[in-house]
Amino acid sequence: MNDCLFCKIIKGEIPSSKVYEDEYVFAFNDIDPQAPTHILVIPKEHITSAAEIDESNSKVVSKIFEAIAKIAKENNFENGFRVVSNIGESAGQTVKHLHFHILSGRDMTWPPG
Ligand code: AMP
Ligand code: ZN
């Protein structure tokens with residue numbers, strides 16, 4: 007999808023602060039951090055949201071979570087971290103390319119707002 011912001015970030019057409027990359031996954035710092043650490047983890051394949059995961063593309067989800075665990079170990083999130091994926095308008099999804107937010111470095115509230 008040529009007009010997808012995150013596809014452009016993966017291709018390097020829009021700059022990002024990369025924290026991790028492998029064959030399936032790209033991760034970079036969120037431009038508007040909501041916690042001292044706020045990283046976005048995305049599949050290189052364009053998938054609109056977690057609602058579009060099926061048997062044909064679910065492998066990237068395990069790769070994303072392998073990457074999340076590596077990033078967490080590397081960053082030594084001593085007091086824990088949160089992983090969030092917003093799906094659709096009412097959940098606050100603004101970029102229509104599957105992404106998981108990693109948030110750490112502050113106390114989190116529950117339920118989220
Ligand atoms: P969501 O609202 O769940 O769709 O998350 C989209 C996230 O992308 C937001 O947290 C934005 O701050 C972030 N974002 C938007 N544009 C960029 C960009 N160019 N580089 C890094 N993060 C971005
Ligand atoms: Zn995309």
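If you count the sequence shown from 1, you need to add 6 to reach the numbering used here. Glycine included, C-beta positions come from ideal geometry on N, C-alpha and C.
What is the DSSP secondary structure of residue i, counted as helix, strand or coil?
i: A97; result: coil
i: E29; result: coil
i: S68; result: helix
i: I16; result: helix
i: L109; result: strand
i: K76; result: helix
i: L104; result: coil
i: N35; result: strand
Taking the straight line between their C-alpha atoms, what separation do you get for residue i and residue j?
i: S22; j: E61; result: 30 Å
i: N8; j: E95; result: 21 Å
i: F32; j: E19; result: 14 Å
i: D113; j: F34; result: 22 Å
i: S133; j: Y26; result: Any question about residue 133 goes unanswered here, given that the chain covers just 7 to 119.
i: I93; j: F12; result: 15 Å
i: A73; j: T115; result: 25 Å
i: I15; j: I37; result: 12 Å
i: P118; j: K17; result: 32 Å
i: V66; j: Y30; result: 6 Å
i: G111; j: K76; result: 17 Å
i: I59; j: E51; result: 12 Å
i: N63; j: V90; result: 19 Å
In this structure, what does DSSP give as the bridge partners for residue i?
i: T54; result: None, per the DSSP bridge assignment.
i: T202; result: No statement about residue 202 is possible, as the shown extent of the chain runs from 7 to 119 and does not include it.
i: F87; result: S110
Closer than 8 Å is the cut-off here; do at least three beta carbon pairs connect the stretch 54-62 with the stretch 99-110? yes
Quick check: the stretch 106-117 against the stretch 42-51, are there 3 or more CB pairs under 8 Å? yes
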